[in-house]
Each structure stands twice: as C-alpha cells, then as structure tokens.
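Residue numbers (our numbering): 1018 to 1181. Below: one structure, written as structure tokens.
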C-alpha cells in the first residue's frame, strides 16, 4: 500500500481522535472555569493543550509516513540502477497549483515492479510506489534508485522523479 493511501486512511482515524480531544479539552476548560479562575486562563490552558496535541500528532505522523530506514536509504543508500518490469497506475493522483495561469500539474501514483542490479548481492525484484507525471513509466525503462545498505528490500528513488 502506498504512503499517501496510508495517510488518507489514518487521517480519518486521527480526525476522530482530534475531535474527541477537542471535546475533552472543552470539557476540561468548562470544569476549570469558576469564579476564582477567569475564563481567559481556562481558554489559554485549552489552547496550549491543543497545541501540544497537534505537535505530537505531526511528529508521530512524520515518523509513521517516513520511517527511519527509508530516510537513511535516501541519504546514505547505495546508488544503483534498476529496470522497470511492470508499471500499473493505482488510481491515486496528486495535483499541485501551477505558478502562473497554466493548468494544474497532475501526477499519478504508480505501482512499479523493478529489478535492481546490485553488484554485491545480485539482481532482485521489488515493488515501490511513486507519483510520476503524465505519460508514466514504461516497462524496460531504466531508473536510478538508492538501496539501504543493510536492508536491500528498502529501495527509494535516487532523486525525485518529477519537479512537481
């Protein structure tokens, strides 16, 4: 499953948790409001609570979406060449706004079955997901990838495939 699809599926779960946290924070602030404690103090406590919750959520999402092994592969991996064996669109797409009055830039997600030619371990095939621009990859096309040094099953693109 691709990273963005995982993000969308967990986004709704996290949205539910956020709504529960929001209602819990409002309940806490409602309990805290008494004649001795002003409304401003209760609301500022609620804002700090929600801010800490949001920061924690973004840190966890970053770690979940971009695991450490993939970051290490992108930074310090072995540069190798791979051949695309099969490319199949998954149906997901990403749009970005253009900088001028041109149409929006669209890239589609592809499931790529690639064969990595590793001189240390021989050639092997693996599957990666990537957002690529319109014509998409063709079987037999060569791409540059980076492979994790200790875990050869972790493969990432050497550079972003498109400047979107």
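Glycine included, every Cβ here is placed at the ideal spot set by N, Cα and C.
TODO: In the DSSP assignment, find the alpha helix (DSSP H) that holds residue 1091 and state where it starts and stops.
DONE: 1085-1093
Open item on the list: Rounding to the nearest angstrom, what Cα-Cα distance links residue 1149 and residue 1142 in this structure?
Closed with: 20 Å
Task: Burial state of residue 1126 (16 or more Cβ within 10 Å) - done: It counts as buried.
Task: residue 1064 versus residue 1075: straight-line alpha-carbon distance, rounded - done: 17 Å
- [ ] Compute the Euclidean distance between the alpha carbons of residue 1128 and residue 1039, then round it to the nearest angstrom.
- [x] 38 Å
Task: For residue 1090 and residue 1139, the rounded distance between their alpha carbons - done: 18 Å
Open item on the list: Using a 10 Å radius around the Cβ and a threshold of 16 neighbouring Cβ atoms, would you call residue 1169 buried or exposed?
Closed with: buried
- [ ] Output the distance between the C-alpha atoms of residue 1106 and residue 1123, rounded to the nearest integer angstrom.
- [x] 13 Å
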